[in-house]
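**Q**
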Amino acid sequence: MAAPDPKNTLIEPDLQLAANGGLRHLLTLDGLPRGLISDILDDAERYLAPAGALPVRSGALAGRTVGNLFFEPSTRTRASFDLAGRRLGADVLNLDVNTSSRKKGESILDTIYTLEAMAVDIMVVRDASSGVPAYIAQHVADHVSVMNAGEADVSHPTQGLLDLLTIRQHKGDIAELTVAIVGDIRHSRVARSAAEGLRALGVRELRLVSPPSLAPDPDNVNGAVILDDLDEGLDGADVVMALRIQRERIGNLEGTPGVEEYFSRYGVSRARMRRAKPDAIVMHPGPMNRGIEIESELADSPQSVITRQVTNGVAVRMAVLERVHRTLHGG
Amino acid sequence: MAAPDPKNTLIEPDLQLAANGGLRHLLTLDGLPRGLISDILDDAERYLAPAGALPVRSGALAGRTVGNLFFEPSTRTRASFDLAGRRLGADVLNLDVNTSSRKKGESILDTIYTLEAMAVDIMVVRDASSGVPAYIAQHVADHVSVMNAGEADVSHPTQGLLDLLTIRQHKGDIAELTVAIVGDIRHSRVARSAAEGLRALGVRELRLVSPPSLAPDPDNVNGAVILDDLDEGLDGADVVMALRIQRERIGNLEGTPGVEEYFSRYGVSRARMRRAKPDAIVMHPGPMNRGIEIESELADSPQSVITRQVTNGVAVRMAVLERVHRTLHGG
Amino acid sequence: MAAPDPKNTLIEPDLQLAANGGLRHLLTLDGLPRGLISDILDDAERYLAPAGALPVRSGALAGRTVGNLFFEPSTRTRASFDLAGRRLGADVLNLDVNTSSRKKGESILDTIYTLEAMAVDIMVVRDASSGVPAYIAQHVADHVSVMNAGEADVSHPTQGLLDLLTIRQHKGDIAELTVAIVGDIRHSRVARSAAEGLRALGVRELRLVSPPSLAPDPDNVNGAVILDDLDEGLDGADVVMALRIQRERIGNLEGTPGVEEYFSRYGVSRARMRRAKPDAIVMHPGPMNRGIEIESELADSPQSVITRQVTNGVAVRMAVLERVHRTLHGG
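Residue numbers (this note's numbering), protein chains in the order written: chain C, 36 to 366; chain X, 36 to 366; chain E, 36 to 366.
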């Protein structure tokens, strides 16, 4: 085990779990029991329907209110939680909040207490500051759950779960797999949560591939293989996940190449994928910069499972919403 | 009786009430019959549920559409009306409107006529200009109701009702009470509506406490006691309501103190509350500037009923939405 | 027949229709069979209810999700589609998108694929660029439909349908009518779609009246009479449709008059309407610039059917949403 991450020290070991072991909040995949993760993925499978069929619905959250508090802009994660809540029968309240209004107005806890008082029982929170979801979870009432929908560069647990589900669907037992995550590892909450989830499910080998300037903090690596050579990273891989890179990062950090050089050195393409297993899958959390971190043709090829990730995203969010609700209210 | 307020002269005596005495629009608490106010509060009690329980729902507005027209930004009042409407079974249409789009586009009446033509039957309106809700009420079709959700510095009747409900729940008969409202009385629609409601229910003594520069227009006082000394204002009070102060007002008006001086002179704190009755309650309409108009520890103390006000807000909005609907359509 | 409009060449003849002739996408009224248009109008009649009555609802889209993707701002069309979808039982996802976020983020197709993967089966798209709705329709999955909710200056087919319905309701058989459209014909997708629909239903005479600088491209005229004299245009007309003019266009194009001159020469007024038939109706797509393209008193007179157009807008949108759903899923 590596040293504990000081960024996560706000989370008490059991803050996510109820006394009976049920999921109480979803803040991070770090430390979540392997069996619980598998159960969530199993639940999510039940929320999937064929393309074009009616989406699976349930009345599990009928009469409850879910609050979408995105203090950082988002389209897809917000829409995914919105649909997940509605397909479970909940009322979903999408709140117009941003950091600036928070600064001039009330504290984040007062916003939360206000929503609590309106019977908003599940708070879906995205925030650019580390520690905010756990901080909220420590202060809410006993009947309220917090869902981390993206926290600084620290955690994005529902993204991690949807990645695990997608890998499991296509490649089976994660303990048999070699997974390569490619791109801006240092600043990626997507990479962090995927790595935590993969570790929990006993991934055989996890490779984190990036330019040296975007490599992870060595204290956060937990047994993953750190590489700066893409060919080496892809060699024999079962799963390749390309990360979105912020354009403003390219060429600005010392040792980070420009756009064209970035693609030629770290862009995942059909040609580079020849190093991976022939049946390897390609993933991306979206939105994609086609031609930068991923070749456009590869994104549209049969190897790509990118839209499947989106579909799985709604299903895992339904699964965790239903599960925290069940922990609090039974049923 | 003081002289009538010229700002309110647009409201004909009966504009709010149907011929049978039922609530037709909710524009102001000024002049609303005492019995009607009590009935609304009684209705609201039926929309309350214990924290963590399923919110009370009803199908009273099933199939109807409520339009939330906030020409002035709002998070909590908008969310409160949104949830109130949905919990009554209505479709709620939240409209992106602001003064600037109104200027370049159509007149406010044309916006209203457009919504009317889409079968939006209840218009919830917040506007920074005085007289707008009454003006709209004078022009809508016979089957349409207008809810004032905040009007300039003039009126915020659902806030007044939730304040009355909160006081009644904790202190019983309002005719026995001394209530102190503290802060920027001059610019506060919250203070105006609370004062109107308290007067209608026969409050024993109402004290309006503020720096001289933020004192109310003497013509608007209607028998309230005007004070600039907080200790005097709190002396023996049953209910203390601190108002939000706009930071830009502090120190800018002649005679208005700076932030620290404001708190030391007009901030409601545990220490200052020793002047009030031992079981006095503390209220605030939110969002709070902790440490300016109210001491943070007091806001979180057992004396504080601030989150209860929020809960009551949803309930009174359900009560008035249901009531205007009943006036128009029976049932 | 005039030469085909190069802007529309992206639309294959049958892109809108399924093999069985059912409506698959709604992209343009150009080329839509006359019988299909009539059937849509007949359907829409069934979605109308008297003012104040409960809006007509149906469960036709229950469980389905409609995505409102407005890449160009809109209040009324967006609200109209939102209510139409909800009154059919669908979940409606209103997306915050604009051209700038599209530029910095993902391609429009990736946004569409993402929504598709979330089981958003009907995409309502407004975009300032010509060809976007057809481009999307060419790329979506077999179970997905695209609704054009306003496309550059090219097409606004649901507006055209609501105009046809309004005319039919008040004037009966369109083949007997003389219709005058007045204003900025050159830049108006409203005029284009109305003209296409009127032509499909065999309008006797269509007159397009504008200042010479705002006259249509002669290649787009298709037998309409082009006029720059309002009195001549209104002479004996059964239907007069005034178009909204962008204020920034007035006086800026060579040959375009200023505001006052615009009203005196092209403003539709009670006085000018004396040239039309005594029972002629007056239409406007909204939002109106009262006193510029239309006299305020005329807009509020019994001849005006402007709010009726809005009511019909919800009904025709329900009709086309229900119809594309039926084409895809039967029922």
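Using N, Cα and C, we set each Cβ at its ideal position, and we do this for glycine too.
Could you compute how far the alpha carbon of residue 282/X sits from the alpha carbon of residue 196/X?
**A** Going from the Cα of residue 282/X to the Cα of residue 196/X covers about 26 Å.
**Q** Quick check on residue 103/E: does DSSP put it in helix, strand or coil?
**A** Strand.
**Q** Taking a contact to mean a Cβ-Cβ separation below 8 Å, would you say residue 239/C touches residue 262/C in this structure?
**A** Not closer than 8 Å, so no.
**Q** Just reading off the alpha helix (DSSP H) that residue 6/X is part of, what are its end residues?
**A** Any question about residue 6/X goes unanswered here, given that chain X covers just 36 to 366.
**Q** Of all the CB atoms in chain X, is at least one closer than 8 Å to the CB of residue 96/E?
**A** Taking Cβ atoms only, chain X never reaches closer than 8 Å to residue 96/E, which makes this a no.
**Q** Mind checking whether residue 96/E and residue 123/E have CB atoms under 8 Å apart?
**A** Cβ atoms of residue 96/E and residue 123/E: closer than 8 Å.
**Q** Mind listing the chain E neighbours of residue 132/X? Cutoff is C-beta to C-beta under 8 Å, in chain order.
**A** 110, listed in chain order.
**Q** From the DSSP output, read off the bridge partner residues of residue 183/X.
**A** Paired residue(s): 160/X.
**Q** Would residue 359/C pass as a contact of residue 164/C if the rule is Cβ separation under 8 Å?
**A** No; because the gap between Cβ atoms is not below 8 Å, this pair is not in contact.
**Q** For residue 60/X, go through chain E and note every residue whose CB falls closer than 8 Å to its CB, in chain order.
**A** Chain E residues near residue 60/X: none, gap ~15 Å exceeds 8 Å.
**Q** Strictly under 8 Å for the Cβ-Cβ distance: is residue 277/C near chain X by that measure?
**A** Cβ-Cβ to chain X under 8 Å: no for residue 277/C.
**Q** Residues of chain E with CB under 8 Å from residue 176/X, in chain order?
**A** Near residue 176/X (Cβ distances below 8 Å), the residues of chain E are 86, 87.
**Q** Just list the residues that DSSP pairs residue 316/C with in beta bridges.
**A** In DSSP, residue 316/C forms a bridge with 274/C.
**Q** Report the CB separation of residue 207/E from residue 112/E in whole angstroms; it is logged as a contact under 8 Å.
**A** Their Cβ separation, rounded to whole angstroms, is 27 Å, which puts residue 207/E and residue 112/E out of contact at 8 Å.
**Q** List the residues of chain E that residue 49/C touches, going by C-beta distances under 9 Å, in chain order.
**A** Within 9 Å Cβ-Cβ: nothing; residue 49/C doesn't reach chain E, min ~33 Å.
**Q** Please tell me whether residue 152/X has its Cβ less than 8 Å away from any Cβ of chain E.
**A** By this cut-off, residue 152/X is an interface position.
**Q** Helix, strand or coil for residue 155/C, going by three-state DSSP, please let me know.
**A** Residue 155/C: strand per DSSP, three-state reduction.
**Q** Is the shortest distance between the beta-carbon of residue 128/E and the beta-carbons of chain C less than 8 Å?
**A** Judged by the 8 Å Cβ criterion, residue 128/E is in contact with chain C.
**Q** Check whether the Cβ atoms of residue 302/X and residue 329/X lie closer than 8 Å to each other.
**A** Cβ distance < 8 Å, so residue 302/X and residue 329/X count as in contact.
**Q** Can you give me the Cβ contacts of residue 120/C inside the same chain, cut-off strictly under 7 Å, excluding the 5 residues immediately before and after it?
**A** Once the five neighbours on either side are set aside, the close Cβ partners of residue 120/C are 96, 101, 127, 356.
**Q** Tell me the DSSP secondary structure of residue 238/E in three-state form.
**A** In this structure, residue 238/E counts as coil in the three-state DSSP scheme.
**Q** Sort out for me which residues DSSP pairs residue 339/X with in a bridge.
**A** BP columns for residue 339/X point to 317/X.
**Q** In whole angstroms, what separates the C-alpha of residue 277/C from that of residue 81/C?
**A** Distance between the alpha carbons of residue 277/C and residue 81/C is about 28 Å.
**Q** Could you have a look at residue 16/C and say whether DSSP puts it in helix, strand or coil?
**A** A query on residue 16/C cannot be resolved here, the shown segment of chain C reaching from 36 to 366 and no further.
**Q** Can you name the residues of chain E whose CB is closer than 9 Å to the CB of residue 100/X?
**A** Simply 90, 118, 121, 122.
**Q** Going by DSSP, which residues form a beta bridge with residue 126/X?
**A** For residue 126/X, which the question treats as bridged, DSSP gives the partners 100/X.
**Q** Taking the runs of the beta strand (DSSP E) that are 3 residues or longer, which of them lie wholly in the stretch 244-268 of chain X?
**A** As far as the stretch 244-268 of chain X is concerned, its whole beta strand (DSSP E) runs of at least 3 residues are 260-262.
**Q** Are any of the Cβ atoms in chain A nearer than 8 Å to that of residue 159/X?
**A** Judged by its chain identifiers, the structure shown contains no chain A, and its protein chains are C, X and E.
**Q** Looking at the structure shown, is residue 285/C part of a helix, part of a strand, or coil, going by DSSP?
**A** Three-state DSSP puts residue 285/C in coil, outside helix and strand.
**Q** If I follow the unbroken alpha helix (DSSP H) through residue 51/X, where does it start and stop?
**A** Per DSSP, residue 51/X belongs to no alpha helix (DSSP H) and is neither H nor E.
**Q** Below 7 Å between beta carbons is the criterion; list the residues of the stretch 181-201 of chain X that meet it against any residue of chain C, in chain order.
**A** Per Cβ criterion, the list is empty.
**Q** Strictly under 8 Å for the Cβ-Cβ distance: is residue 294/X near chain C by that measure?
**A** It does not: the Cβ of residue 294/X has no partner Cβ on chain C nearer than 8 Å.
**Q** Grouping DSSP H, G and I as helix and E and B as strand, with all else coil, what is residue 304/C?
**A** Coil at residue 304/C, not helix or strand.
**Q** Nearest chain X C-beta to residue 93/E closer than 8 Å, yes or no?
**A** So, not an interface residue.
**Q** What does DSSP give as the partner residue(s) for residue 19/E in the beta ladder?
**A** Here chain E has residues from 36 to 366 only, and residue 19/E is not among them.
**Q** Should the stretch 267-276 of chain E be called in touch with the stretch 309-328 of chain E, which here means at least 3 C-beta pairs below 8 Å?
**A** Contact holds: three or more Cβ-Cβ distances are below 8 Å.
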